[in-house]
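Working notes, structure below.
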Amino acid sequence: AKKKGKNNYQFFTESLSKEATRRSLLENALSKAISNNEFHLHYQPQIDLSTGELVGVEALLRWNSPYGFVSPIEFIPIAEETNLILPIGEWVMKEACRQINRWKKLGLPNLVVSVNVSARQFHDETFPQKVKEILESEHVDGHLFEIEITETVMLNIEAATKKIEDIRKLGVKIAIDDFGAGYSSLNVINSIDIDTLKIDKLLIDHMMENKRSMSILLTIINVGKDINAKVIIEGVETKEQVQLLKSLNVIAQGYYFSRPLPNEELQSIWLTNWRK
Ligand code: C2E
Ligand code: CA
Ligand code: CA
Ligand code: CA
355 AKKKGKNNYQ
365 FFTESLSKEA
375 TRRSLLENAL
385 SKAISNNEFH
395 LHYQPQIDLS
405 TGELVGVEAL
415 LRWNSPYGFV
425 SPIEFIPIAE
435 ETNLILPIGE
445 WVMKEACRQI
455 NRWKKLGLPN
465 LVVSVNVSAR
475 QFHDETFPQK
485 VKEILESEHV
495 DGHLFEIEIT
505 ETVMLNIEAA
515 TKKIEDIRKL
525 GVKIAIDDFG
535 AGYSSLNVIN
545 SIDIDTLKID
555 KLLIDHMMEN
565 KRSMSILLTI
575 INVGKDINAK
585 VIIEGVETKE
595 QVQLLKSLNV
605 IAQGYYFSRP
615 LPNEELQSIW
625 LTNWRK
């Protein structure tokens, strides 16, 4: 038994140090990812369920690292802890703008692109100015651009309100991401003007299981409508979910319609022959 205990201990320290090694390898690689052109964006369609029309896309960051594909679920937290999220976040916004211009050049209809912004990025003093500079230097109309922030960003409601006002003055839209997943304070969306409420996948998943979740979801959808926000249901995967949501006048995003796609596929599947 003693021997087994010792082996367990060794196994534990080994796996811990393996983790630490991976983490420092990734951290190092992440600091070079922009200059090595290892990032690109995928785009996930958002569909208005009452018309069936494509109304926008969410840009999601992809990293082709020297160690292979690494999920944003793993590398975004590392980027946040190391502050690399600042240059990376800027790259994401610029690339989204460049993509908007590429579609424009091809004569494709205008599409609103929303990008994810980390709390660390949003809290940076210069963030609204950065957004302004990027839109100006890339010559992009702010109305085609949306920023997704989570509720935790609004914990400091005064600082957040001022920033959000400055950003909305540029025409840029504000979406609250993962709504209903964490602590949800209706107070937050009551006091700040937002354009879009993105309802977390958890709620749609539970909706199928019980009536009570269904009524919570309906309530949140109505709150969104009361504050004149677009409501997007995230993580829609099944036909049954679509049928339940159809009469509710919401926008859906999820694997049922499409996974996040590289631009070439988005264009060939969704943007060619597409009329508004
Ligand atoms: P998120 O912003 O909540 O993005 C939605 C995630 O759900 C994406 O994962 C998307 O691929 C996935 N998804 C979409 N539809 C479905 C579905 O029907 N079923 C399931 N199971 N999943 C679905 P992804 O691309 O792996 O991104 C994970 C998270 O990483 C994002 O969650 C976001 O928090 C973060 N992230 C991604 N790109 C960026 C970025 O450019 N900047 C920052 N700060 N964070 C990002
Ligand atoms: Ca998001
Ligand atoms: Ca989300
Ligand atoms: Ca999320």
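Every position in the sequence shown, counted from 1, becomes a number in the UniProt record's numbering once 354 is added.
Each residue gets a CB set at the ideal place from its N, CA and C atoms; glycine is no exception.
None of the values given here were measured: they were computed from a predicted structure.
### Task
Ignore the nearest five residues each way along the sequence and tell me which others in L384's own chain have a CB closer than 7 Å to its CB.
Along the sequence shown, read from residue 1 onward, the residue named residue 384 stands at position 30. Hits under 7 Å: F429, I432, A433 and L438.
### Query
Is the Cβ of F476 closer than 7 Å to any Cβ of chain D?
Although the question refers to chain D, the structure presented lacks it and comprises just one protein chain.
### Integer Cβ distance of E588 from K555, believed to fall under 8 Å
The residue you call residue 588 lines up with position 234 of the sequence shown. The residue you call residue 555 lines up with position 201 of the sequence shown. Between E588 and K555, the beta carbon gap of about 5 Å places them in contact (Cβ cut-off 8 Å).
### Task
Figure out for me which residue from L489, V494, G525 and R474 has the closest Cα to the Cα of N510.
Here residue 510 refers to the residue found at position 156 of the sequence shown. Cα-wise, what sits closest to N510 is R474.
### Task
Using beta-carbon positions only, say whether E417 and E449 come within less than 7 Å of one another.
If you number the sequence shown from 1, residue 417 lands on position 63. If you number the sequence shown from 1, residue 449 lands on position 95. Before going on, a small fix: residue 417 reads as Trp here, not Glu. Between W417 and E449, the gap from beta carbon to beta carbon reaches 7 Å or more.
### Query
Where do the ends of the alpha helix (DSSP H) carrying W445 lie?
Sequence index remark: in the sequence shown, residue 445 carries index 91 (1-based). Its alpha helix (DSSP H) spans residues I439 to K459.
### Cβ-Cβ separation, I503 to I528 (assumed contact under 8 Å), whole Å
Position 174 of the sequence shown holds residue 528. Position 149 of the sequence shown holds residue 503. About 7 Å separates the beta carbon of I528 from that of I503, a gap short enough to meet the 8 Å contact definition.
### Query
Are three or more beta carbon pairs between the segment 515–530 and the segment 454–465 nearer than 8 Å?
Contact between the segment 515–530 and the segment 454–465 is absent, because fewer than three Cβ pairs lie under 8 Å.
### Query
Can you give the Cα-Cα distance for S371 and L440, rounded to whole angstroms?
Counted from its first residue, the sequence shown places residue 371 at position 17. Counted from its first residue, the sequence shown places residue 440 at position 86. The straight-line gap from Cα to Cα measures roughly 28 Å.
### Query
Tell me which same chain residues have a C-beta within less than 7 Å of the C-beta of L540, skipping the five on either side of it?
Against the sequence shown, residue 540 aligns to sequence position 186. Excluding residues within five positions, the ones whose Cβ falls inside 7 Å are V577.
### Message
Rounded to the nearest angstrom, what separates Q400 and Q595 at their Cα positions?
### Response
Position 46 of the sequence shown, counted from the first residue, corresponds to residue 400. Position 241 of the sequence shown, counted from the first residue, corresponds to residue 595. In this structure, the CA atom of Q400 is about 15 Å from the CA atom of Q595.
### Query
So who's on the other strand from Q597, going by DSSP bridges?
Here residue 597 is taken as the residue at index 243 of the sequence shown, counted from 1. Looking at the DSSP output, Q597 shares a beta bridge with no other residue.
### Task
Note down, one range per segment and in chain order, each alpha helix (DSSP H) of at least 4 residues found wholly within the segment 511–563.
As far as the segment 511–563 is concerned, its whole alpha helix (DSSP H) runs of at least 4 residues are 511–522, 540–545 and 555–561.
### Message
Taking 6 Å as the cut-off, is the C-beta of N470 nearer than that to any heavy atom in ligand 2?
### Response
The residue you call residue 470 lines up with position 116 of the sequence shown. Yes, the beta carbon of N470 sits closer than 6 Å to at least one heavy atom of ligand 2.
### Query
From M561 to N382, what does the alpha carbon distance come to, in whole angstroms?
Position 207 of the sequence shown, counted from the first residue, corresponds to residue 561. Position 28 of the sequence shown, counted from the first residue, corresponds to residue 382. Taking the CA atoms as reference points, M561 sits about 42 Å from N382.
### Query
Which class does L408 belong to by DSSP, given the choice of helix, strand or coil?
Indexing the sequence shown from 1 puts residue 408 at position 54. Reduced to three states, the DSSP call for L408 is strand.
### Query
According to the neighbour-count rule (16 or more other Cβ atoms, all chains shown, within 10 Å of its Cβ), is Y421 buried or exposed?
Position 67 of the sequence shown holds residue 421. Counting Cβ neighbours within 10 Å, Y421 comes out exposed, since fewer than 16 surround it.
### Message
Can you tell me whether L620 is buried or exposed? The criterion is at least 16 other CB atoms within 10 Å of its CB, across all chains shown.
### Response
On the sequence shown, position 266 is the one that residue 620 refers to. With 16 or more neighbouring CB atoms inside 10 Å of its own CB, L620 falls in the buried class.
#### Entry: Test item: CB-CB of F533 and K517 under 7 Å
Residue 533 sits at position 179 when you count from the first residue of the sequence shown. Residue 517 sits at position 163 when you count from the first residue of the sequence shown. No, these two residues do not count as a Cβ contact at 7 Å.
#### Entry: Beta-carbon contacts of H493 that lie in its chain and below 8 Å, excluding the five residues immediately before and after
Numbered from its first residue, the sequence shown carries residue 493 at position 139. For H493, where only same-chain residues beyond five positions count, the Cβ hits under 8 Å are N455.
### Message
Taking the beta carbon of T626 as the centre, do at least 16 other beta carbons fall within 10 Å, making it buried, or is it exposed?
### Response
Within the sequence shown, residue 626 is the residue found at index 272, counting from 1. Of the other Cβ atoms in all chains shown, fewer than 16 fall within 10 Å of the Cβ of T626; this residue is therefore exposed.
### Query
In chain order, what residues of the same chain have a beta carbon less than 6 Å from the beta carbon of G496, not counting five sequence neighbours either side?
In the sequence shown, residue 496 corresponds to position 142, counting from 1. Cβ neighbours of G496 beyond the five flanking positions: L489, L524, G525 and V526.
#### Entry: Proximity of N603 and S404 at Cβ, strictly below 7 Å
Counting from one through the sequence shown, the residue named residue 603 turns up at place 249. Counting from one through the sequence shown, the residue named residue 404 turns up at place 50. Yes, the Cβ-Cβ distance between N603 and S404 is below 7 Å.
### Message
Are there any heavy atoms of ligand 3 lying less than 6 Å away from the beta-carbon of D549, as far as the coordinates show?
### Response
Taking the first residue of the sequence shown as 1, we reach residue 549 at position 195. No, the beta carbon of D549 sits no closer than 6 Å to any heavy atom of ligand 3.
### Message
Are the CB atoms of P482 and I521 within a distance shorter than 7 Å?
### Response
Within the sequence shown, residue 521 is the residue found at index 167, counting from 1. Within the sequence shown, residue 482 is the residue found at index 128, counting from 1. A contact, by the Cβ cut-off of 7 Å.
#### Entry: Identity of the residue in I581, T550 and E505 nearest A606 by Cα
Residue 606 sits at position 252 when you count from the first residue of the sequence shown. Distances from the alpha-carbon of A606 to those of I581, T550 and E505 put T550 closest.
### Task
Would you mind working out which of N470, F611 and S369 sits nearest D531, comparing C-alpha positions?
Taking the sequence shown and counting its residues from 1, one reaches residue 531 at position 177. For D531, the nearest C-alpha among the options comes from N470.
### Query
How would you call A355, buried or exposed, if buried means at least 16 neighbouring beta carbons within 10 angstroms?
As a first step, residue 355 is located in the sequence shown; it is residue number 1 there, counting from the start. Interpretation of A355 is limited by its pLDDT of 42, a score under 50 that renders its predicted location unreliable; the figure taken from the coordinates is listed afterwards. The residue is exposed, with fewer than 16 neighbouring Cβ atoms inside 10 Å.
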